[in-house]
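Student: Protein chains in written order, with my numbering: chain C, 375 to 547; chain B, 16 to 201.
Note that CB positions come from ideal geometry on N, CA and C, so glycine has one too.
Just passing along the structure, written as structure tokens.
Quick look at the structure:
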């Protein structure tokens with residue numbers, strides 16, 4: 375019964391709340407690093423040569439990923455670097471993913487921001503670095519021209535030869 | 016899109032390790048939580064059949080209260096519709112992650128009662144009858160007569176409903192005792 379609760383206990387627990395919160399954050403961080411470690415292991419074990427990713431320096435919350443342009447597209451034989459920034463709430467919220475290598479694409483703006491539904495509202499805790507890289511690779515092959523970030527690229531997409539010229543012009547390794 | 020890119024099983028890639036090792040790994044990966052990618056702790060399974068740690072799934076549901084979907088197949092899920100998995104010999108003493116509420120309890124439905132009704136030798140199914148003193152307007156001891164509908168099973172111990180029911184039953188017990196006492200002295 376509610377009136378049988380020891381009032382001292384209640385007070386104590388409320389004063390402990392702050393330390394509880396900080397401990398929870400620590401626990402969460404531990405869970406995030408654990409999961410990122412697992413993802414790194416899986417990526418290193420995978421034999422997919424077209425994608426790779428590795429933490430940038432000591433910080434496990436910042437990664438650099440690489441994808442090669444999909445075959446039979448204007449991006450073929452090109453390599454793109456991407457930056458991953460993982461929030462502490464990962465994998466419950468999506469990481470921030472940006473192109474480091476300049477990429478001429480309807481759904482990538484000049485700052486490298488990517489418009490991809492799974493990185494926004496369609497994010498699921500199941501997705502990981504590998505699936506994100508594969509999705510971006512898929513996006514390169516099949517842009518969504520209906521909601522372009524780069525309207526020039528969306529316009530030029532129909533003319534693949536001219537598009538490829540622009541891609542190579544902007545692309546710098 | 017991403018859904019078509021399922022996890023490549025480790026054992027097809029990993030070299031080395033004897034056969035039993037591989038087998039173990041395979042068994043383990045079958046019981047990995049879809050969120051933390053670790054072996055599921057306090058495992059629950061959604062109605063769509065996907066396995067999670069309860070703390071992981073709870074946090075996922077908390078982060079998007081108005082769009083609760085399964086992280087794997089995006090079918091609608093809710094706290095009430097996940098089934099806890101109890102392995103054999105699981106210890107109850109695991110640390111209750113303070114902020115995470117306990118797993119929802121398994122929903123246990125009593126098997127259909129057998130043909131013999133205790134107390135009555137009638138043998139017809141679900142025949143309940145009770146008698147009492149009915150003193151208008153006090154309906155405390157109302158006669159009731161239920162045929163066919165089984166009573167809802169009591170809530171499992173430990174849940175909030177269980178404790179509420181206990182409190183209620185105490186209150187009614189005291190009411191009844193004081194009413195009888197009042198009848199006696201009146």
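#1: Taking a cut of 7 Å between CB atoms, which residues from the region 495 to 513 of chain C lie near chain B?
#2: Looking at the structure shown, is residue 65/B part of a helix, part of a strand, or coil, going by DSSP?
#3: So which of 52/B, 67/B, 191/B has the shortest CA-CA distance to residue 351/C?
#4: Helix, strand or coil, according to DSSP, for residue 120/B in the structure here?
#5: Please report the residue range of the alpha helix (DSSP H) in which residue 96/B lies.
#6: Can you pull the chain B neighbours of residue 466/C, defined as C-beta to C-beta under 7 Å?
#7: Please list, in chain order, the chain C residues whose beta carbon lies closer than 8 Å to that of residue 49/B.
#8: Taking the CB atoms as reference points, tell me whether residue 69/B and residue 466/C lie closer together than 7 Å.
#9: Can residue 468/C be considered in contact with the ligand ADP, in the sense that its beta carbon sits closer than 6 Å to one or more heavy atoms?
#10: Between which residues of its own chain and residue 71/B is the CB-CB distance below 6 Å, once the five residues before and five after are set aside?
#11: In chain order, what residues of the region 50 to 62 of chain B put their CB closer than 9 Å to some CB of chain C?
#12: Counting only Cβ-Cβ distances shorter than 9 Å, please list the residues of the region 84 to 98 of chain B near chain C, keeping chain order.
#13: Please report how far the alpha carbon of residue 444/C lies from the alpha carbon of residue 514/C, in whole angstroms.
#14: Do you know offhand how far residue 184/B's Cα is from residue 177/B's?
#15: Is residue 530/C close to chain B? Criterion is C-beta to C-beta, closer than 7 Å.
Tutor: So, to answer that:
#1: 498, 499, 500, 501, 505, 508, 509, 512
#2: Along the second chain, one-based indexing puts residue 65/B at 50. Of the three classes helix, strand and coil, the one that applies to residue 65/B here is coil, per DSSP.
#3: The displayed coordinates of chain C run from 375 to 547. Any statement about residue 351/C would go beyond what the structure contains.
#4: As a first step, residue 120/B is located in the second chain; it is residue number 105 there, counting from the start. Looking at residue 120/B - three-state DSSP - the assignment turns out to be coil, as it is neither helix nor strand.
#5: For this step, residue 96/B is matched to residue 81 along the second chain. Note, residue 96/B: premise wrong, no alpha helix (DSSP H); not H, not E.
#6: Working through the first chain from its first residue, we reach residue 466/C at position 92. Here the neighbours are 74, 75, 78.
#7: Walking along the second chain from the start, residue 49/B turns up at place 34. Under the 8 Å cutoff, chain C gives 499, 500.
#8: Numbered from its first residue, the second chain carries residue 69/B at position 54. Numbered from its first residue, the first chain carries residue 466/C at position 92. No, Cβ-Cβ distance for residue 69/B and residue 466/C is not below 7 Å.
#9: Inclusion of the ligand ADP in the displayed structure is not the case, the ligand content being empty and no account of it being possible.
#10: For the purposes of this step, residue 71/B is taken as residue 56 along the second chain, with counting starting at 1. Within the same chain, residue 71/B has close Cβ partners 48, 50, 51.
#11: 50, 51, 52, 53
#12: 84, 85, 86, 87, 89
#13: As a first step, residue 444/C must be located in the first chain, where it is residue number 70. As a first step, residue 514/C must be located in the first chain, where it is residue number 140. Whole-angstrom Cα-Cα distance: 7 Å.
#14: Numbered from 1 along the second chain, position 169 holds the residue referred to as residue 184/B. Numbered from 1 along the second chain, position 162 holds the residue referred to as residue 177/B. Approximately 11 Å, taken between the alpha carbons.
#15: The count along the first chain starts at 1 and reaches residue 530/C at position 156. Not an interface residue.
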